[in-house]
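Working notes, structure below.
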Amino acid sequence: MHELAVAQALVEQVDAVIDQHGATQASLIRVRIGPLAGVVPELLAIAFPLAAAGSRMEHAELDFTHAPINVHCQTCGADTEAAINRLICGACGDWHTQILSGDELLLESVELETAPDVASNA
Amino acid sequence: MCDTCGCNLTPGNKHLAFKPVAKGATAVSVLKGLLAKNDDQAAHNREHFDRRGILAINLMSSPGSGKTALLEATLTAIKDEFTCAVIEGDLETENDAERIRAKGVQAHQIVTGTACHLDAHLVHDALHHMTLDGVDILFIENVGNLVCPASFDLGQHFNVTLLSVTEGDDKPAKYPVMFRAADVMLLTKTDLLAVLDDFDPDKAEAHLRNLANPAPVMRLSARKEMGMDAWLNWLREQHAAQRARVALGQSRRPAIQSDGMKFHRATV
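Chains as they are written, first to last, in this note's numbering: chain S, 227 to 348; chain Z, 60 to 327.
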C-alpha cells in the first residue's frame, strides 16, 4: 500500500542527513510509528529495502520504536492508555480526549558511518 | 519543522536527541516527521488556496459511497452562489472529471495509475493545470480508499469523510485512522435506510465518538436530495469563515493535524 511512498520519503530524508553530516553511509535508522499514524511497521520493513536499493543506506538496519496510544481526558484529567478504535478515557469513559502519543510518524535518529580519514563532526 | 534550531525538541522527546555514540559511528538525532516533504508541499498548496481565499475540502471514503454523486448534487445546488472547481483522483479513467464537467464546473482528473492515495505533490501539479482565480471552493475527491489517503496532508482546510449506509455502521471502528481524521462525517444514501435493516446511524455516530472525534455527523441522500440543506449550510458557513480567516492572515488545517501538533508541543 502507501508504505512504499513512506519508505521513499524515509530514504530521501536519511539521504539528506548523510549529506548534512558529511557521512558515507547510514548503518542504523530508527523510526517511531504510532498505531494511529496509519503506517504498518511490518510493511514499511518490507518496502524499505526496495526504496533503499543502491543508496547509501541499503545495508542499514531499520529499527522501530514502540509508541503506545495514550490519551488525556479533558473531563477528568486522567492520562490513560487506549485501544486504536476506542480512544476514550480509561478512567471515566468520556470520549472528550486528546492524543498524547500513538500518532507519531517520526524519523527519530540515524547512525552514520564516516570515512576514516574524515574528521568527525557533531 | 526546523533542522537547526532545535525547535522540534519537546520535553517528551528531548532525551532522544542526546544518544551515546556507538563505536566508530555517529548517532544523529533527526526527530522529523517521515512525511515532512509532503507536509511542506501541503503547506505550500494551502498558501495557494489562502492567497486566493479558496476553501479547500478533501473528500474521502471507500469506493462507491457516493463522493461524485454528492459533488454533482452539491455543485448544482450552489452554482449561483459559488464558483467551484474539482480535482478528481482515481487509479484510472477520466469518468469522474467528465461527470463534473457536465455540470459546467472546472475539473482536473489525476490518474494515479496504481497509487492508492493522492499526495500534496500530485495536487500541486494538478493546481498548475487549473484556473484558480475567482474560485471560491475547491473540492478534492480523493482515491476511494479508507486507509492510505488519511495519512497524507494535501493542503486542504477540511477533511470530509463519507460513510454510505450500504456499508457497515462499524466502519469508524474498523478504519480508525481515517475516521479520526474526519472534520465532518456524512452518512450518505440514507434514502436506502428504509430497505436496509442492519445500518444504525446512531451506532455509526457512537463509533465515531469512540475515536474522540467531535465532528458533526450529517445524514443525507444526494440522489433523492434528502438532508442536503445541513451540508450546504455547513459549506456556506465554512466559506465565510475561510474568507474571514484570510482577511486576518490566518489559515486552518484539518482538526486532527493542528490539534495533534499543538498538543505534542505542549505536553508530550
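Ideal placement from N, C-alpha and C gives every residue a C-beta, glycine not left out.
Buried versus exposed call for residue i [16 or more other C-beta atoms within 10 Å across all chains shown]
i, result
"residue 317 of chain S", "exposed"
"residue 281 of chain Z", "buried"
"residue 249 of chain Z", "buried"
"residue 258 of chain S", "buried"
"residue 77 of chain Z", "For residue 77 of chain Z, the predicted structure reports a pLDDT of 43, less than 50, and the residue's modelled location is therefore unreliable. The matter cannot be settled from this model."
"residue 252 of chain S", "buried"
"residue 309 of chain Z", "exposed"
Identified DSSP bridge partners for residue i
i, result
"residue 91 of chain Z", "S:333"
"residue 277 of chain Z", "Z:245"
"residue 199 of chain Z", "Z:117, Z:146"
"residue 264 of chain Z", "In the DSSP output, where bridge partners are listed per residue, residue 264 of chain Z has none listed."
"residue 290 of chain S", "S:257"
"residue 299 of chain S", "S:323"
"residue 218 of chain Z", "Z:117"
"residue 85 of chain Z", "S:338"
"residue 285 of chain Z", "Z:280"
Top-ranked residue by Cα proximity to residue i, from the options
i, options, result
"residue 292 of chain S", "S:250, S:256, S:231, S:247", "S:256"
"residue 185 of chain Z", "Z:169, Z:198, Z:228", "Z:169"
"residue 228 of chain Z", "Z:211, Z:300, Z:259", "Z:259"
"residue 275 of chain S", "S:268, S:284, S:267, S:269", "S:284"
"residue 212 of chain Z", "Z:308, Z:118, Z:296", "Z:118"
"residue 199 of chain Z", "Z:163, Z:287, Z:148", "Z:148"
"residue 277 of chain S", "S:326, S:231, S:297, S:296", "S:231"
"residue 338 of chain S", "S:263, S:248, S:307, S:311", "S:248"
"residue 114 of chain Z", "Z:173, Z:300, Z:91", "Z:300"
"residue 253 of chain Z", "Z:230, Z:272, Z:224", "Z:224"
"residue 230 of chain Z", "Z:268, Z:216, Z:193", "Z:268"
"residue 315 of chain Z", "Z:234, Z:95, Z:284, Z:218", "Z:218"
"residue 285 of chain Z", "Z:240, Z:153, Z:136, Z:120", "Z:136"
"residue 295 of chain Z", "Z:310, Z:233, Z:116, Z:189", "Z:116"
"residue 162 of chain Z", "Z:100, Z:152, Z:131, Z:177", "Z:131"
"residue 275 of chain Z", "Z:238, Z:190, Z:255", "Z:238"
"residue 94 of chain Z", "S:239, S:341, S:288, S:298", "S:239"
"residue 271 of chain Z", "S:281, S:322, S:286, S:266", "S:322"
"residue 262 of chain Z", "Z:292, Z:289, Z:226", "Z:226"
"residue 286 of chain S", "S:254, S:307, S:246", "S:254"
Integer-rounded CB distance, given that residue j should sit under 8 Å from residue i
i, j, result
"residue 104 of chain Z", "residue 202 of chain Z", "The pair is not a contact, with the Cβ atoms about 17 Å apart (cut-off 8 Å)."
"residue 143 of chain Z", "residue 150 of chain Z", "Not quite, the Cβ-Cβ distance comes to about 24 Å (not below 8 Å), so this is no contact."
"residue 251 of chain Z", "residue 279 of chain Z", "With 8 Å as the limit, residue 251 of chain Z and residue 279 of chain Z do not qualify as a contact, their Cβ atoms being about 12 Å apart."
"residue 243 of chain Z", "residue 209 of chain Z", "About 14 Å separates the two Cβ atoms, so there is no contact after all."
"residue 295 of chain S", "residue 310 of chain S", "6 Å"
"residue 261 of chain S", "residue 328 of chain S", "6 Å"
"residue 125 of chain Z", "residue 247 of chain Z", "4 Å"
"residue 120 of chain Z", "residue 335 of chain S", "Incorrect: roughly 37 Å between the Cβ atoms, too far for contact."
**Message:** Quick check for students: name the residue ranges of the beta strand (DSSP E) that lie wholly in the stretch 241–279 of chain S, counting only runs of 3 or more.
**Reply:** 251–259
**Asked** What are the uninterrupted segments assigned as beta strand (DSSP E) that are 3 or more residues long and contained completely in the stretch 137–185 of chain Z, given in chain order?
**Response** The qualifying runs are 143–149, 165–170.
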